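Sequential numbering of the sequence shown, starting at 88, is according to my numbering. Glycine is no exception: its CB is placed at the ideal position from the N, C-alpha and C atoms. Remember, it's a predicted structure, so these values are computed and weren't measured experimentally.
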Amino acid sequence: MIDPAIRKLNLGCGFDIRPDFVNADSFPECNPDLLLDVEQPDWPFEDDRFDYVLMKHVLEHVGKDFDVFARIMRNLHRILSPGGILEIHVPHYRHETYWSDPTHVRAFTPLTFRMMSKRQNDEWIAARANYTMLAYLMDVDFELKQAVQSYDQAYIVAMNEGRMTKEEVRRRAETDWGVVRELQFQLQAVKPVRPAA
């Protein structure tokens, strides 16, 4: 039995079982609180169930078919409370950790998640901009609140030893492979507050 008072979900938890979270994964070997395959259509959570959902190195593995990916994003939006936070960690698309794993099916950038904002879509529509309006296409609405780059260990060492400045690493990350290891995003669910029952 999952405690209904727990308002945080660790989705695709793997072996990273966290206290005060509902830990869900599709692999029974991880011993999660709940067995759940995120690619399946029916998730066993009511609407607005969670204030915070964590997906660490999960989203790049699922939804190879766009319709499945869109359904995953709709389910995430559905189970988040109004203003709830979805935190996503993925490998950087220009790092070997992304390309080395044959189970990775999709790369992500900050622009990917900006496309999931209806506010941003409306601005692009008004400007006749050439972007895919994912928020409307998938029927979701997320605001990108934070995007953080985690640098590869070699660059962290170079900065710590004074061989490179943070600005030099930042500039190199714009064009070079292997500089940024991971991207971390925080998305906020935009949806109306439902009246109390």
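If you run the structure through DSSP and keep just helix, strand and coil, what is residue i?
{"i": "residue 278", "result": "coil"}
{"i": "residue 213", "result": "helix"}
{"i": "residue 175", "result": "strand"}
{"i": "residue 167", "result": "strand"}
{"i": "residue 137", "result": "strand"}
{"i": "residue 123", "result": "coil"}
{"i": "residue 201", "result": "helix"}
{"i": "residue 102", "result": "coil"}
{"i": "residue 132", "result": "coil"}
{"i": "residue 195", "result": "coil"}
{"i": "residue 155", "result": "helix"}
{"i": "residue 283", "result": "coil"}
{"i": "residue 115", "result": "helix"}
{"i": "residue 218", "result": "coil"}
{"i": "residue 88", "result": "coil"}
{"i": "residue 61", "result": "Residue coverage of the chain in this structure runs from 88 to 284, which leaves residue 61 outside it and unanswerable."}
{"i": "residue 180", "result": "coil"}
{"i": "residue 250", "result": "coil"}
Skipping 5 residues on each side, what residues in its chain have a beta carbon closer than 6 Å to that of residue i?
{"i": "residue 96", "result": "109, 137 and 140"}
{"i": "residue 233", "result": "273"}
{"i": "residue 205", "result": "222 and 228"}
{"i": "residue 132", "result": "166"}
If I measure Cβ to Cβ from residue i and keep anything under 8 Å in the same chain, skipping five residues before and after, which residues do I get?
{"i": "residue 212", "result": "220"}
{"i": "residue 268", "result": "178, 179, 182, 184, 237, 238, 239 and 240"}
{"i": "residue 245", "result": "251 and 256"}
{"i": "residue 119", "result": "100, 104, 110, 111 and 112"}
{"i": "residue 192", "result": "147, 148, 149, 150 and 151"}
According to the neighbour-count rule (16 or more other Cβ atoms, all chains shown, within 10 Å of its Cβ), is residue i buried or exposed?
{"i": "residue 186", "result": "exposed"}
{"i": "residue 166", "result": "buried"}
{"i": "residue 147", "result": "buried"}
{"i": "residue 249", "result": "exposed"}
{"i": "residue 128", "result": "exposed"}
{"i": "residue 208", "result": "buried"}
{"i": "residue 198", "result": "exposed"}
{"i": "residue 122", "result": "exposed"}
{"i": "residue 281", "result": "exposed"}
{"i": "residue 235", "result": "exposed"}
{"i": "residue 201", "result": "buried"}
What first and last residue would you give for the alpha helix (DSSP H) that runs through residue i?
{"i": "residue 110", "result": "Note, residue 110: premise wrong, no alpha helix (DSSP H); beta strand (DSSP E) at 109 to 112."}
{"i": "residue 247", "result": "240 to 247"}
{"i": "residue 257", "result": "253 to 260"}
{"i": "residue 184", "result": "183 to 186"}
On the DSSP bridge list, what partners appear for residue i?
{"i": "residue 229", "result": "276"}
{"i": "residue 235", "result": "271"}
{"i": "residue 97", "result": "110 and 141"}
Could you spell out where the beta strand (DSSP E) holding residue i opens and where it closes?
{"i": "residue 146", "result": "Here residue 146 belongs to no beta strand (DSSP E), and DSSP marks it neither H nor E."}
Quick one: residues in its chain with C-beta nearer than 7 Å to the C-beta of residue i, no 5 flanking neighbours on either side, listed in chain order?
{"i": "residue 161", "result": "225, 226 and 227"}
{"i": "residue 107", "result": "93 and 95"}
For residue i, verify whether its CB is less than 6 Å away from any heavy atom of the ligand FMN.
{"i": "residue 168", "result": "Absence of the ligand FMN from the depicted structure is noted, as is the absence of any ligand whatsoever, leaving it without description."}
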